[in-house]
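Report on the following structure.
There are 4 protein chains.
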Amino acid sequence: MICQLDFQSDIPIYEQICRQVKFAIGNGTLRAGDHVPSVRELAVQAAVNVNTVARAYRDLQAQGILVSIRGTGLAVSPEAPSRCRDDRLEMIRARLSTLLREAILSGIEMDEIRSLVDAEWSRLHKEVRASKAV
Amino acid sequence: MICQLDFQSDIPIYEQICRQVKFAIGNGTLRAGDHVPSVRELAVQAAVNVNTVARAYRDLQAQGILVSIRGTGLAVSPEAPSRCRDDRLEMIRARLSTLLREAILSGIEMDEIRSLVDAEWSRLHKEVRASKAV
Amino acid sequence: MICQLDFQSDIPIYEQICRQVKFAIGNGTLRAGDHVPSVRELAVQAAVNVNTVARAYRDLQAQGILVSIRGTGLAVSPEAPSRCRDDRLEMIRARLSTLLREAILSGIEMDEIRSLVDAEWSRLHKEVRASKAV
Amino acid sequence: MICQLDFQSDIPIYEQICRQVKFAIGNGTLRAGDHVPSVRELAVQAAVNVNTVARAYRDLQAQGILVSIRGTGLAVSPEAPSRCRDDRLEMIRARLSTLLREAILSGIEMDEIRSLVDAEWSRLHKEVRASKAV
DNA sequence: GTGGTCTAGACCACG
DNA sequence: GTGGTCTAGACCACC
Chain A
4 MICQLDFQSD IPIYEQICRQ VKFAIGNGTL RAGDHVPSVR ELAVQAAVNV
54 NTVARAYRDL QAQGILVSIR GTGLAVSPEA PSRCRDDRLE MIRARLSTLL
104 REAILSGIEM DEIRSLVDAE WSRLHKEVRA SKAV
Chain B
4 MICQLDFQSD IPIYEQICRQ VKFAIGNGTL RAGDHVPSVR ELAVQAAVNV
54 NTVARAYRDL QAQGILVSIR GTGLAVSPEA PSRCRDDRLE MIRARLSTLL
104 REAILSGIEM DEIRSLVDAE WSRLHKEVRA SKAV
Chain C
4 MICQLDFQSD IPIYEQICRQ VKFAIGNGTL RAGDHVPSVR ELAVQAAVNV
54 NTVARAYRDL QAQGILVSIR GTGLAVSPEA PSRCRDDRLE MIRARLSTLL
104 REAILSGIEM DEIRSLVDAE WSRLHKEVRA SKAV
Chain D
4 MICQLDFQSD IPIYEQICRQ VKFAIGNGTL RAGDHVPSVR ELAVQAAVNV
54 NTVARAYRDL QAQGILVSIR GTGLAVSPEA PSRCRDDRLE MIRARLSTLL
104 REAILSGIEM DEIRSLVDAE WSRLHKEVRA SKAV
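Protein chains in written order, with our numbering: chain A, 4 to 137; chain B, 4 to 137; chain C, 4 to 137; chain D, 4 to 137.
What follows is the structure in structure tokens.
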């Protein structure tokens with residue numbers, strides 16, 4: 004699992020880690036039962052404080068996404084895949100909602116939004132596919 | 004100018020004030036040369052500390068949205084209206100971009116996004132129109 | 004006498020008025036014994052609060068630049084012309100000094116300063132001459 | 004980093020701090036990536052309130068001079084060094100410009116300015132060299 | 001430990 | 001009346 008972090012983002016590092024794990028589960032990179040990297044391993048890989056990874060994993064356990072398996076570390080729970088997908092969809096719906104509300108209030112038209120969505124989608128789709136190819 | 008603040012939001016109050024002022028300029032409620040309410044006045048209206056309003060206004064000055072007219076208060080700068088609209092569009096584009104990127108990474112399809120956008124847009128549009136009617 | 008004010012400058016309006024009067028005396032536009040416009044007249048002309056002009060004139064009286072002539076208003080004092088010129092020269096010398104000190108500390112060379120002075124001088128000279136022609 | 008403040012100056016303290024930081028970056032005392040002292044630390048060192056330092060740092064962030072590294076403090080941005088140097092030259096040019104404009108308006112001649120510049124420059128040059136020798 | 005937010009209140013210059 | 005500066009102190013999230 005690769006972990007791309009943005010240290011200057013206003014989203015906390017631990018939260019970014021949580022999301023990336025959920026991404027990986029949501030799109031099938033991680034499946035139910037798979038082990039996630041150990042806290043120390045991921046901390047080194049991502050050049051991050053161990054506590055930060057620990058907190059992310061703690062949150063994911065609390066959400067039932069990860070389960071602890073005695074002596075071997077943490078693994079993706081059976082319910083995680085479907086749950087991740089639902090969670091993501093709901094989170095996206097919520098953020099989209101506030102985004103659109105602001106767009107309406109600042110006088111932007113539906114057409115502008117639609118074309119923005121289409122343009123960004125195709126741009127990002129290419130970008131993501133390219134990075135996977137690597 | 005009305006100022007609706009959400010004290011529970013994770014967006015700082017001063018930032019919310021900035022945005023509302025920009026909204027008001029963007030959609031023509033405030034025009035170039037208009038005075039904004041005094042810091043004290045808005046502070047009372049919004050039930051917020053004077054310094055908080057002052058900070059918002061200071062940021063807006065730094066961004067060239069407001070200009071200080073010595074002893075008489077702050078006014079909307081000539082460039083503000085066009086600038087606000089551009090800024091808003093760009094901000095929305097940027098947030099939409101990260102939103103869509105996450106959607107792609109978590110395995111959501113374009114169709115789902117499109118229908119979400121349409122559904123939310125029409126829902127919000129009614130809501131906003133209703134609140135204006137009041 | 005024309006009075007060009009910059010309402011967005013960080014120099015107070017009353018101070019700008021003082022300087023402009025001194026300019027006018029320094030370069031011969033106003034001579035010893037000439038009347039300056041009345042407080043109200045100048046306030047209207049310059050679109051400024053009456054108190055502001057009053058304060059400027061008060062300061063100029065305190066400095067002996069203007070003298071009050073009973074019933075007729077304020078006039079340029081006999082000593083003003085030479086004094087204005089000396090004052091200005093000294094003020095310019097002082098500000099030039101701090102400016103050059105910072106230039107030296109930030110590693111700028113004498114040649115750069117000399118060429119800056121020459122370039123700005125000729126640019127401003129044209130500009131000023133043009134505005135007088137109007 | 005040393006921070007020399009003048010509490011009598013009419014330049015706000017936070018502004019003085021900004022300048023000193025920029026100066027330190029401009030002349031290489033602080034390099035890209037270096038951490039600046041923490042707000043609390045500098046506040047103690049300079050005998051100033053924490054908020055005052057915080058405001059200076061916040062302004063520097065808004066200008067892109069400093070970047071925040073979550074939980075670890077603030078660091079000099081990669082673009083800062085070149086930017087700081089350009090800023091200083093431009094600041095000097097701007098102040099020279101207003102200085103010369105006033106000189107022209109008050110009837111001072113180019114020769115007088117030139118000799119002033121030469122005289123002050125050589126005087127200050129000696130002074131600065133002497134203080135460095137110490 | 002770090003910075004960020006918010007409050008409260010004093011003081012000042014300007015118009 | 002206006003905004004601007006500074007102080008003091010509380011609380012929070014993050015690492």
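Just so it is clear, CB atoms sit at the ideal spot from N, CA and C, and this is done for glycine as well.
(Q) Run through chain B and tell me which residues come within less than 9 Å of Q11(C), C-beta to C-beta. (A) V70, S71, I72 and R73
Q. For the beta strand (DSSP E) that contains L33(A), what are its first and last residues?
A. Taken as a continuous stretch (DSSP letters only), L33(A) belongs to no beta strand (DSSP E), as it is neither H nor E.
Q) Given that R104(D) touches chain C, what residues does it touch there, using C-beta distances under 9 Å? A) E123, L127, E130 and V131
Q: Leaving aside the five residues before and after A106(A) along the sequence, list all residues of the same chain whose C-beta is less than 7 Å from its C-beta, in chain order.
A: I116
**Q.** the region 78-90 of chain A: positions lying closer than 8 Å to chain B by Cβ
**A.** Per Cβ criterion, the list reads C87 and R88.
Q. Going along chain D, which residues have a C-beta under 9 Å from I16(A)?
A. R73 and G74
Q: Tell me, please, which residues DSSP counts as bridged to K78(B).
A: The residue you asked about is not Lys; residue 78(B) is Ala in the sequence shown. DSSP, once it has assigned bridges, lists H38(B) and V70(B) as partnering A78(B).
Q. Relative to the C-alpha of R104(A), which residue among S12(B), E123(B), E18(B) and Y17(B) is closest?
A. E123(B)
Q: Check S109(A) in the structure and name its three-state DSSP category.
A: For S109(A), the secondary structure class from DSSP, reduced to helix, strand or coil, is coil.
Q. By how many angstroms is the C-alpha of E112(D) removed from the C-alpha of I111(C)?
A. 25 Å
(Q) I'd like to know if the region 93-102 of chain C and the region 72-87 of chain D are in contact, where contact means that at least 3 CB-CB pairs between them fall below 8 Å. (A) no
**Q.** Whole-Å CB distance - Y17(A) paired with A49(A), under 8 Å assumed
**A.** No, Y17(A) and A49(A) are not in contact; Cβ-Cβ is about 11 Å, not under 8 Å.
(Q) Residues of chain C with CB closer than 9 Å to the CB of I116(D), please, in chain order. (A) I95, L99, V120 and W124
Q | Beta-carbon proximity of L108(A) to N30(B), cut-off 8 Å | A | yes
Q: Check whether the Cβ atoms of R61(C) and V53(C) lie closer than 8 Å to each other.
A: no
Q) Name the chain D residues whose beta carbon is nearer than 8 Å to that of N30(C)? A) The answer, in chain order, is L108, S109 and G110.
**Q.** Contacting residues, own chain, Cβ-Cβ under 8 Å from P40(D) (five flanking each side not counted)
**A.** M4 and Q48
Q. What's the gap between the Cα of L45(A) and the Cα of L8(A)?
A. 12 Å
Q: Can you tell me which of F10(C), D114(C) and A35(C) puts its alpha carbon nearest to the alpha carbon of V70(C)?
A: It is A35(C) whose Cα lies nearest to the Cα of V70(C).
Q) For V120(D), does the count of other Cβ atoms within 10 angstroms reach 16, so buried, or fall short, so exposed? A) buried
Q: Grab the span of the alpha helix (DSSP H) containing A50(D) for me, first residue to last.
A: Where A50(D) is concerned, there is no enclosing alpha helix (DSSP H), given that its DSSP letter is neither H nor E.
Q. What is the DSSP secondary structure of C87(D), reduced to helix, strand or coil?
A. helix
Q. With burial defined as no fewer than 16 other Cβ atoms inside 10 Å of the residue's Cβ, what is the status of F10(B): buried or exposed?
A. exposed
Q. Among R126(C), Q23(C), R98(C) and D13(C), which one has its Cα closest to the Cα of V56(C)?
A. Q23(C)
Q: Using three-state DSSP, classify M94(C) as helix, strand or coil.
A: helix
(Q) Using the Cβ count rule (16 or more neighbours within 10 Å means buried), how would you classify A27(A)? (A) buried
Q.
I'd like to know if M4(B) contacts chain A, where contact means its C-beta is closer than 8 Å to some C-beta of that chain.
A. With its beta carbon at least 8 Å from every one in chain A, M4(B) lies outside the interface.
Q: Please work out which residues of its chain come closer than 7 Å, Cβ to Cβ, to I72(D), disregarding the five sequence neighbours upstream and downstream, and give them in chain order.
A: So the qualifying residues of the chain are A78.
Q) Around the C-beta of K129(A), are 16 or more other C-beta atoms found within 10 angstroms, so that it is buried, or is it exposed? A) exposed
Q.
On a Cα-Cα basis, can you pick out the residue from V131(A), P15(A) and H38(A) that is closest to G74(A)?
A. H38(A)
Q: Find the nearest neighbour of L63(C) within the set S134(C), S118(C) and I20(C), judged by alpha-carbon distance.
A: I20(C)
Q | Residue from L99(C), Q66(C), G76(C) and R98(C) with nearest C-alpha to A83(C) | A | Q66(C)
Q: Buried or exposed for V131(C), please, with buried defined as at least 16 other CB atoms from any protein chain shown within 10 angstroms of its CB.
A: exposed
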